[in-house]
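So the structure is just underneath, and the comments pick up after that.
Numbering (our numbering), first residue to last: 309 to 448.
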């Protein structure tokens, strides 16, 4: 199984089929349409659902257990999360938001275990803890 990072927007996104070297890509990488529909119906308020692929340590490694047991990987995951936030600051219109949900493929219909909202202008990164079944709303 694969872990997937779903992202929901209030507007459609043009999908690029070509591989890119960007830190953050939006596409359909692992999921099928049915999985995305489940995430949209169960977790999101946004109508358009895609996936995020990031370069570097996965953002779901940015949790307190890793902070203690693997601080190097925690710091790399934090750096990846900051790349995602920088990307979204430039991508989202001012006043808009996106939603992110992280889970294993096949677990889209399960309840989220953690939920929080962040402003992209004021990120309390040290207080953020991200792991599987985490639902985030990021506002620009």
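Note that beta-carbon positions come from the ideal geometry of N, C-alpha and C, so glycine has one too.
Per DSSP, residue 383 is one residue of the alpha helix (DSSP H) stretching across 379–399. Each of 375, 448, 374, 329 was checked against the Cα of residue 396, and the nearest Cα belongs to 448.
According to DSSP, residue 404 shares a beta bridge with no other residue. In the same chain as residue 417, and ignoring 5 residues on each side of it, the C-beta atoms closer than 8 Å to its own belong to 346, 350, in chain order. Membership of residue 346 in any beta strand (DSSP E) is not indicated; the residue belongs instead to the alpha helix (DSSP H) covering 341–350. In this structure, residue 359 lies away from residue 409, with their beta-carbon atoms at least 8 Å apart.
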